[in-house]
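Worksheet for the structure shown next.
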Amino acid sequence: MTRTVVITGATSGIGRASALAFAARGERLVLAARSAEELAGVAAECRAAGAATLAVPTDVTGSAGVEALADAAVREFGRIDVWVHTAAVMVYGRFEEIPERVFDQVIRTDLLGAAGVARVALRRFRDAGAGTLVLVGSLLGHISAPYMSAYVASKWGLHGLVRALQQEGRDVPGVAVCLVSPGSVDTPVYQRAANHLGSSGRPPPPVTDPDRVAAAVLDCADRPRREVSVGRFTGLLRFGFTVLPGVYDALVGPLMRRLGLTGQPVAPHDGVVFAPDPAGTGVRGGWGHGVAGLLRAARDRGPE
1 MTRTVVITGA TSGIGRASAL AFAARGERLV LAARSAEELA GVAAECRAAG AATLAVPTDV
61 TGSAGVEALA DAAVREFGRI DVWVHTAAVM VYGRFEEIPE RVFDQVIRTD LLGAAGVARV
121 ALRRFRDAGA GTLVLVGSLL GHISAPYMSA YVASKWGLHG LVRALQQEGR DVPGVAVCLV
181 SPGSVDTPVY QRAANHLGSS GRPPPPVTDP DRVAAAVLDC ADRPRREVSV GRFTGLLRFG
241 FTVLPGVYDA LVGPLMRRLG LTGQPVAPHD GVVFAPDPAG TGVRGGWGHG VAGLLRAARD
301 RGPE
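Under full-length UniProt numbering, the sequence shown is numbered contiguously, ending at residue 304.
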């Protein structure tokens, strides 16, 4: 049966990769993101792949916009079977040096935006007695890293929210809530992040291709699971964070400075936290993958 799939955050990274993967299956798609221009582009790609596609410009930080998105999906296709939420923004900086307005907007987008999507989706799924909500979290919902406090707080909050939703939803067996938690992924989010640190950021290697994460999203849509981790070393990092916290905390700062920052100076800016940048979207960010990426990052960063 052809499903109707809503994807929020569809113009970039994991969201765009997921949209194209669902389109290749011929699913009916409702794509949402802030940039109408780039949304039209990804919708055209999905239609070219043979998928009936509706594009609805939406800012997930507004509840009215998310409700209007759901209404548009039902008007166009009659129902919503799967809702995939990937929208997120990021800021680099020491906690006390990040402007309050930037910190709060990252929380508003990454955590409260996800909560707003979940609220709208689950109300409709509960009424229908069926539906699958797939939320994309992060390894940073289980561990922490310096200079990314707003993103870490958001993803820890999202992980807790998902667990609570899974517990509350046990009385409706046809409704599933899934969490996909990748490590570093080759997406444009790092280039588009706000920066109040003075050094530009990058994904600490090894870096996973977004198509791998999209495959996990599709797998959850087909066979819902509570949580799926994607990426090398995620289990090891979670173990170290939990079992050896002192060792982890001693190492994470130097490793973040060497592998998670480029060392290239950058003036303070707000990235796409408050407004989209159509020129900065796409599936991939051009970061190296695997062990080769690890070696290249260490070489490019140079000595501490």
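The beta carbon of each residue, even a glycine, is placed where N, CA and C say it ideally should be.
Residue i beta carbon near the ligand ADP (any heavy atom closer than 7 Å)
| i | result |
| --- | --- |
| Gln105 | As far as ligands go, the structure on display features none, and thus does not contain the ligand ADP. |
Distance, residue j Cα to residue i Cα
| i | j | result |
| --- | --- | --- |
| Val56 | Leu69 | 6 Å |
| Leu135 | Ala216 | 11 Å |
| Ala87 | Val60 | 8 Å |
| Glu45 | Pro276 | 20 Å |
| Arg126 | Val172 | 7 Å |
| Gly235 | Val185 | 16 Å |
| Ala43 | Ala49 | 10 Å |
| Gly137 | Gln264 | 28 Å |
| Leu158 | Phe103 | 16 Å |
| Asp81 | Gln167 | 20 Å |
| Pro182 | Val228 | 8 Å |
| Gly141 | Thr53 | 32 Å |
| Ala24 | Leu39 | 17 Å |
| Cys220 | Val177 | 9 Å |
| Lys155 | Gly286 | 24 Å |
| Phe274 | Leu255 | 29 Å |
| Asp270 | Asp249 | 28 Å |
| Leu111 | Glu100 | 16 Å |
| Val272 | Ala64 | 21 Å |
| Asp222 | Gly26 | 14 Å |
| Phe239 | Gly288 | 25 Å |
| Glu97 | Val243 | 30 Å |
| Gly41 | Ser199 | 32 Å |
| Gly169 | Arg79 | 20 Å |
| Pro224 | Pro268 | 41 Å |
| Gly160 | Pro245 | 20 Å |
Per-residue burial, residue i [other beta carbons within 10 Å of its own, 16 or more giving buried]
| i | result |
| --- | --- |
| Thr2 | exposed |
| Phe95 | exposed |
| Thr208 | buried |
| Gly116 | buried |
| Phe77 | buried |
| Leu139 | buried |
| Arg226 | exposed |
| Arg124 | buried |
| Val283 | buried |
Whole-angstrom C-beta distance between residue j and residue i, which should lie under 8 Å
| i | j | result |
| --- | --- | --- |
| Ala118 | Leu133 | 6 Å |
| Val91 | Thr109 | That belief does not hold up - the Cβ atoms of Val91 and Thr109 are roughly 10 Å apart, past 8 Å. |
| Gly266 | Asn195 | The sequence given here has Val at residue 266, not Gly. Confirmed, Cβ separation roughly 5 Å. |
| Leu261 | Ile143 | At roughly 17 Å, the Cβ-Cβ gap does not stay under 8 Å, so Leu261 and Ile143 are not in contact. |
| Ala72 | Val120 | At roughly 12 Å, the Cβ-Cβ gap does not stay under 8 Å, so Ala72 and Val120 are not in contact. |
| Thr281 | Ser35 | 7 Å |
| Ala114 | His85 | 6 Å |
| Trp83 | Val6 | 5 Å |
| Leu218 | Ala33 | Rounded, the Cβ-Cβ distance is 19 Å, inconsistent with contact. |
Cβ-Cβ distance between residue i and residue j below 8 Å
| i | j | result |
| --- | --- | --- |
| Ala51 | Arg28 | yes |
| Val145 | Val252 | According to the sequence shown, residue 145 is Ala rather than Val. Yes, the pair counts as a contact, with Cβ atoms nearer than the cut-off. |
| Leu259 | Pro210 | no |
| Thr4 | Thr58 | no |
| Gly131 | Val180 | no |
| Phe241 | Pro206 | no |
| Arg257 | Val230 | no |
| Gly201 | Ala193 | yes |
| Leu165 | Leu197 | no |
| Ala147 | Gly93 | The residue you asked about is not Ala; residue 147 is Tyr in the sequence shown. In this structure, Gly93 lies closer than 8 Å to Tyr147 by Cβ. |
| Pro278 | Glu37 | yes |
| the stretch 10-20 / the stretch 177-193 touching (three or more Cβ pairs under 8 Å) | yes
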